[in-house]
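Take a look at the structure set out below.
2 protein chains.
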Amino acid sequence: MGKEKGDAKSGFQLKVPKGTKDWEGRDMVIRDKIFSSITEVFKRHGAVTIDTPVFELKEILSGKYGEDSKLIYDLADQGGELCSLRYDLTVPFARWLAMNSSVQSIKRYHIAKVYRRDQPAMTKGRMREFYQCDFDIAGVYDPMLPDAEILRITCEIFHSLGWDGKFTIKINHRKILDGIFEVCGVPTDKIRTISSAVDKLDKSPWEEVRREMTDEKGLDPAVADLIGEYVVQKGSKELLEKLLANEKLIANASAKQGLDDMALLFTYLESFSVLQNISLDMSLARGLDYYTGVIYEVVTEGSAPSSTDKQKKPKKSADGEEDRSNDPTVGVGSVAAGGRYDNLVSMFSGKQQIPCVGISFGVDRIFSITKQRLAAAASAAPIRTNEVDVFVMAFGGKGFDGLLPQRMDIAKRLWDAGIKAEFSWKVKPKLPQQFKAAEANGVPFAIILGDEELAAGKCKIKEMGLPEGHAEKEGVMIELADLVEEVKKRIEASADTSLSASLSGLNVEQAAQQLS
Amino acid sequence: MGKEKGDAKSGFQLKVPKGTKDWEGRDMVIRDKIFSSITEVFKRHGAVTIDTPVFELKEILSGKYGEDSKLIYDLADQGGELCSLRYDLTVPFARWLAMNSSVQSIKRYHIAKVYRRDQPAMTKGRMREFYQCDFDIAGVYDPMLPDAEILRITCEIFHSLGWDGKFTIKINHRKILDGIFEVCGVPTDKIRTISSAVDKLDKSPWEEVRREMTDEKGLDPAVADLIGEYVVQKGSKELLEKLLANEKLIANASAKQGLDDMALLFTYLESFSVLQNISLDMSLARGLDYYTGVIYEVVTEGSAPSSTDKQKKPKKSADGEEDRSNDPTVGVGSVAAGGRYDNLVSMFSGKQQIPCVGISFGVDRIFSITKQRLAAAASAAPIRTNEVDVFVMAFGGKGFDGLLPQRMDIAKRLWDAGIKAEFSWKVKPKLPQQFKAAEANGVPFAIILGDEELAAGKCKIKEMGLPEGHAEKEGVMIELADLVEEVKKRIEASADTSLSASLSGLNVEQAAQQLS
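Here is the structure:
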């Protein structure tokens, strides 16, 4: 395709803005399939969706993103209110909750584009316009129940995408982490910055993180070594029990509350049969300041860098944040992440405090992995870009008039029955042209009309792509009166070779590693 | 709800930008249902979707909208490319076709938000951020076949929305109209401006349009009277035959070509069984300059003003274009409109000429009418904002522990079977609270757990809202082993009382007239 070419006529470049793309064809079909899989799970758990404007008042977004505020797109001042394109879906949700004070509880999902004036890295899914897919539960409930359901939902989603056994939910708790820092002797004013250093352990070795703590951030090396003993630990119930048995830790109020929460959460995760997907990981810290409780990140094979690459220093991107997806020494990074944030809504509405817990799915990363996976699976059914089930054709010998009114009539009958059908928009199409058009889109069935057959009240139905020697290779003659019934019967019987079938059970590891 | 209130804490107004809104609750459900009805029809005809960025390079949009260009939202100049929010979906589609020169034919639909810095009139669906729903066919085909299929698709869409017999497609042809103007003696340089005057006949009487032609636009009154004889005509096949028999008209090359096109189109519309929805209307002219062939507008009862109001002069809105939806003297206006535009793509790509024909559905107007219609239909099923089918409850006497693990286990089994289910996020919920939560969302079934029943391997299933005296009013005891099967059976049996059923067969006239 001749993309991004200059235009002789008008003298400007024919392209989309930097960091944006048109979605079309196969990519669009794969993306839609991912969105509908995810949405189906949200709805299964009673979620509703909310659609907020693509731009917000500038002052709604200001003061929410720290240094990253410089990445916000502003609208031009053309008179009237000053507005900015949304940077994420969390702040608009908190703004909506604050505005709608009668809503005291909600499970909402929102799949929409957000905007960041970042240095794009298109092939790795780092864009200026990209999709976020957020699910959040707001409201006061008994402890850890909504948190547990979010993790159950996360597992159902990756199950529906065919990632069974290929993903891990790393989990930690801000209060456990803060307790550890206090117990180890980190000064209160250094807790957040030391927490940021710990968050880098998924891509940097401990030695380097320790150096950042001591050399850059002035932490006592002895304190750093104490932290080191805690944060390398990961595991499941046995680790939780070990921490609960740690008297020094349990004596700290913050750590105790975090560990009690975690113990309750583990009970619930066991009831939901998802504990096997969970890894309690003391090195998980999460960047954003607003988390107040449990935090989690979903990783897949390929999320982490290979061990030899771990020694290399990740390079900084223009915005000062490490660009994990773009750095050859790191993996694709997490494919979903979130946590509990009980204080964000009150930034908009001082009176009102609505506790929230949520997760954001990195649908562009999930898309990239899925696309690679489908490409790697040579045996998978081809992806059709449209959904037509029947191509209505005509053929005839000398004096053939194209049977256009008859083709239109048959198409009309199929449409009336809700069947997806096309026919050639030519008065007298040749039969090979009609087959070629049907094959180009992978249409599974042809209805073939001929003068003699129509005179006898019949037509031929042919399943496309049957192997040589198959009894129905040349098609089957059916009564026109039974047309709709015969077509529906055959479509149902052939339904499971679609994309939805081919999304499951493929090699996600291989795809993820190709990306990393 | 406490909307648009000031925020004591941060000192700024908590609101969405002027002319935008949050979509939520019932409105969101109705809107989604409309979108999915429309999308289903597009897919039935083999359409694919394309998603373009929400902003385009500024120069892509410039020079496309004439005077209305002042309504375009620009992004602030923060360095790099200058961009603007899209104003419609047609120009991005033409830009995409010009960029992807390998695509010589496509049927594409696109449902997305567009942006216009207009004076908003929120309750009538006139917004600064609003949805458009476009369907276009690009490519070279035998004459009038794609045009006919677009009109068939339009009828299927209003059929699927339950508007049968409640809408009319007004149709005309630019070449017929131009031929009429030439035959009547309109000077070539006045044809477009006289055409614009004719376009006002749906809301102004002929006398006023004639006055505009003669007094404002300097047309010879005798010529205006000749035009008047043509443009008041509307009808069906008999009008077409009358025009085809008009020797003066047929002697004009443009009129002849338009009438031949129209005759062929009518044949096709008859094959598609949609001719009864079509009104050949010589007063339909359409505002946009880029149409080159057949043009059409879909009106519903309420689209036109009442005859007494027709005398009043419509007031101009800020953009100089009549605001039909906001003017009390006019109806809701058209709910869909479009036509053939064979030259637009070449504005981007001089080399390449791709003929196109399309239609744009006014989904905000369709939404407003549908919402009124549902409100007017007191007998209609209530609209549920979530889709949960089962609420899992527990009850017990003294020493009742809430049966939380059991409720979680049952919910898990239902989710595993793809069934939409919820339970209370309380450790020990009271039974009335659980019923209240289920009723608030209109959940159709309750599964009720009790210690004794569980010990016997049983639970109770209760259909909510059964009338007093119904045999199953108090619920039915079932085996836990048959849980999923029993639930699925009952959900299927109760499935047709949903919104999709209530969207059909209601009083669209009444709703449309309330809006006008």
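Line by line, the protein sequences are chains A and L. Numbering of the first sequence is given in UniProt numbering, commencing with residue 1 and proceeding in unit increments. Numbering of the second sequence is given in UniProt numbering, commencing with residue 1 and proceeding in unit increments. Glycine included, every Cβ here is placed at the ideal spot set by N, Cα and C.
**Asked** From what residue to what residue does the alpha helix (DSSP H) around L:Y73 run?
**Response** The residue you call residue 73 of chain L lines up with position 73 of the second sequence. No alpha helix (DSSP H) contains L:Y73, which DSSP labels as neither H nor E.
**Request:** With 8 Å as the threshold, decide whether the Cβ of L:V16 is near any Cβ in chain A.
**Result:** Working through the second sequence from its first residue, we reach residue 16 of chain L at position 16. The beta-carbon of L:V16 is placed less than 8 Å from the nearest beta-carbon of chain A.
**Prompt:** Can you list the residues of chain A that L:F55 reaches, using a CB-CB cut of under 7 Å?
**Reply:** The count along the second sequence starts at 1 and reaches residue 55 of chain L at position 55. Neighbours of L:F55 on chain A, chain order: P17.
**Item:** alpha helix (DSSP H) runs contained entirely in the region 169 to 207 of chain A, provided each spans 4 or more residues
**Value:** If we require 4 residues or more, the alpha helix (DSSP H) runs fully inside the region 169 to 207 of chain A come out as 174 to 184 and 191 to 198.
**Message:** Could you compute how far the alpha carbon of L:A222 sits from the alpha carbon of L:T214?
**Reply:** Sequence index remark: in the second sequence, residue 222 of chain L carries index 222 (1-based). Sequence index remark: in the second sequence, residue 214 of chain L carries index 214 (1-based). Those two C-alpha atoms are separated by around 9 Å.
**Request:** Consult DSSP for L:F435 and reduce its assignment to one of helix, strand or coil.
**Result:** Stepping through the second sequence from its first residue, residue 435 of chain L is reached at position 435. If DSSP states are grouped into helix, strand and coil, L:F435 belongs with the helices.
**Asked** L:K458 bridges to which residues according to DSSP?
**Response** Start at 1 with the first residue of the second sequence, and residue 458 of chain L comes out as number 458. DSSP, once it has assigned bridges, lists L:E479 as partnering L:K458.
**Prompt:** A:G235 bridges to which residues according to DSSP?
**Reply:** As a first step, residue 235 of chain A must be located in the first sequence, where it is residue number 235. A:L280, per the DSSP bridge assignment.
**Item:** Nonlocal neighbours in the same chain, by C-beta distance under 7 Å from A:E439, ignoring five residues either side
**Value:** Residue 439 of chain A sits at position 439 when you count from the first residue of the first sequence. Counting only residues of its own chain and dropping the five nearest sequence neighbours on each side, A:E439 has a CB closer than 7 Å to the CB of M464.
**Request:** Report the neighbours of A:M213 on chain L: residues whose CB is nearer than 9 Å to its CB, in chain order.
**Result:** To locate residue 213 of chain A, count along the first sequence from 1; it is residue 213. Within chain L, no residue comes near A:M213; the closest Cβ sits about 35 Å away, beyond 9 Å.
**Item:** beta strand (DSSP E) segment containing A:G258, residue limits
**Value:** Taking the first sequence and counting its residues from 1, the one referred to as residue 258 of chain A is at position 258. If you look at A:G258, you'll find it isn't in any beta strand (DSSP E); it sits in the alpha helix (DSSP H) that goes A253 to S271.
**Asked** List, in order along the chain, the chain A residues whose C-beta lies closer than 8 Å to that of L:F272?
**Response** To locate residue 272 of chain L, count along the second sequence from 1; it is residue 272. Result: M408 and K412.
**Request:** Quickly, what does DSSP pair L:W23 with across the bridge? List them, please.
**Result:** As a position in the second sequence, residue 23 of chain L is number 23, starting the count at 1. A:D51, per the DSSP bridge assignment.
**Asked** Taking the continuous alpha helix (DSSP H) assigned at A:T300, which residues delimit it?
**Response** Here the question's residue 300 of chain A lines up with position 300 in the first sequence. For A:T300, no alpha helix (DSSP H) encloses it; the enclosing beta strand (DSSP E) starts and ends at V294 to T300.
**Asked** Listing by chain order, which chain L residues have their CB less than 8 Å from the CB of A:E81?
**Response** Translated into the one-based positions of the first sequence, residue 81 of chain A becomes position 81. What A:E81 touches in chain L: P17 and K18.
**Prompt:** So, is the C-beta of A:Q78 closer than 8 Å to a C-beta in chain L?
**Reply:** Looking up residue 78 of chain A in the first sequence gives position 78. Yes, A:Q78 counts as interfacial toward chain L.
**Request:** Return the CA-CA distance between L:A456 and L:A417, expressed in angstroms with no decimal places.
**Result:** Counted from its first residue, the second sequence places residue 456 of chain L at position 456. Counted from its first residue, the second sequence places residue 417 of chain L at position 417. Straight across, the Cα-Cα distance linking L:A456 with L:A417 is about 23 Å.
**Request:** Can you grab the Cα-Cα spacing for the pair L:G333 / A:V484, in whole Å?
**Result:** Stepping through the second sequence from its first residue, residue 333 of chain L is reached at position 333. Stepping through the first sequence from its first residue, residue 484 of chain A is reached at position 484. In a straight line, the C-alpha of L:G333 is about 38 Å away from that of A:V484.
**Prompt:** Span of the beta strand (DSSP E) holding L:K107?
**Reply:** Working through the second sequence from its first residue, we reach residue 107 of chain L at position 107. Residues I106 to Y115.
**Prompt:** Cα separation between L:V16 and A:E59?
**Reply:** Taking the first residue of the second sequence as position 1, residue 16 of chain L is located at position 16. Taking the first residue of the first sequence as position 1, residue 59 of chain A is located at position 59. Each residue's alpha carbon lies about 11 Å from the other.
**Message:** Which of the three DSSP states is assigned to A:E472 in this structure?
**Reply:** Within the first sequence, the letter at position 472 stands for residue 472 of chain A. A:E472 falls in the coil class under three-state DSSP.
**Request:** Using a Cβ-Cβ cut-off of 8 Å, state whether A:V48 counts as contacting chain L.
**Result:** The sequence position of residue 48 of chain A within the first sequence is 48, counting from 1. Cβ-Cβ to chain L under 8 Å: yes for A:V48.
**Prompt:** Where does the unbroken beta strand (DSSP E) through L:F135 begin, and where does it stop?
**Reply:** The residue labelled residue 135 of chain L in the question sits at position 135 within the second sequence. Per DSSP, L:F135 belongs to the beta strand (DSSP E) from E129 to A138.
**Request:** Hey, could you find the ends of the beta strand (DSSP E) A:R340 is sitting in?
**Result:** Looking up residue 340 of chain A in the first sequence gives position 340. That run of the beta strand (DSSP E) goes A336 to Y341.
**Message:** Going by beta-carbon coordinates alone, are L:I169 and L:S273 separated by less than 8 Å?
**Reply:** Working through the second sequence from its first residue, we reach residue 169 of chain L at position 169. Working through the second sequence from its first residue, we reach residue 273 of chain L at position 273. Cβ distance not < 8 Å, so L:I169 and L:S273 don't count as in contact.
**Request:** Whole angstroms is fine: what's the gap from L:V487's alpha carbon to L:N441's?
**Result:** Taking the second sequence and counting its residues from 1, one reaches residue 487 of chain L at position 487. Taking the second sequence and counting its residues from 1, one reaches residue 441 of chain L at position 441. Across the structure, L:V487 and L:N441 are spaced so that their CA atoms are roughly 18 Å apart.
**Asked** Looking only at C-alpha atoms, which of A:D225, A:G228 and A:M262 sits nearest to A:L243?
**Response** For this step, residue 243 of chain A is matched to residue 243 along the first sequence. For A:L243, the nearest C-alpha among the options comes from A:M262.
**Request:** Indicate whether at least one CB of chain A lies closer than 8 Å to the CB of L:L145.
**Result:** As a working note, residue 145 of chain L is residue 145 in the second sequence. Output row for L:L145: interface = yes.
**Prompt:** What is the C-beta distance between A:L226 and A:G258, in whole angstroms, given that I count them as a contact (C-beta under 8 Å)?
**Reply:** For the purposes of this step, residue 226 of chain A is identified with residue 226 of the first sequence, where counting begins at 1. For the purposes of this step, residue 258 of chain A is identified with residue 258 of the first sequence, where counting begins at 1. In fact, because the Cβ distance is near 18 Å, the residues do not count as touching under 8 Å.
**Prompt:** So, helix, strand or coil for A:S360, using DSSP?
**Reply:** In the first sequence, residue 360 of chain A corresponds to position 360, counting from 1. A:S360 falls in the strand class under three-state DSSP.
**Prompt:** L:F93 to L:I106, Cα distance in whole Å?
**Reply:** Translated into the one-based positions of the second sequence, residue 93 of chain L becomes position 93. Translated into the one-based positions of the second sequence, residue 106 of chain L becomes position 106. In a straight line, the C-alpha of L:F93 is about 11 Å away from that of L:I106.
**Message:** Looking at residue 517 of chain L: is its Cβ nearer than 8 Å to the Cβ of L:G339?
**Reply:** Since the displayed chain L opens at 1 and closes at 516, residue 517 of chain L lies outside it and no answer follows.
**Message:** Can you pull the chain L neighbours of A:N343, defined as C-beta to C-beta under 7 Å?
**Reply:** Counted from its first residue, the first sequence places residue 343 of chain A at position 343. Those within 7 Å of A:N343 in chain L number zero; the least Cβ separation is about 12 Å.
**Request:** Run down chain L in chain order and give the residues with a C-beta less than 8 Å from the C-beta of A:Y73.
**Result:** Here the question's residue 73 of chain A lines up with position 73 in the first sequence. Listed along chain L, the residues sitting closer than 8 Å to A:Y73 by beta-carbon distance are L75, A76 and Q78.
**Message:** Bridge partners for A:A375 per DSSP, in chain order?
**Reply:** By 1-based counting over the first sequence, the position of residue 375 of chain A is 375. Beta-bridge pairing links A:A375 to no other residue.
**Prompt:** Going by the CB atoms, is the gap between A:A336 and A:V388 shorter than 8 Å?
**Reply:** Position 388 of the first sequence holds residue 388 of chain A. Position 336 of the first sequence holds residue 336 of chain A. Taking 8 Å as the cut-off, the Cβ atoms of A:V388 and A:A336 do not count as close.
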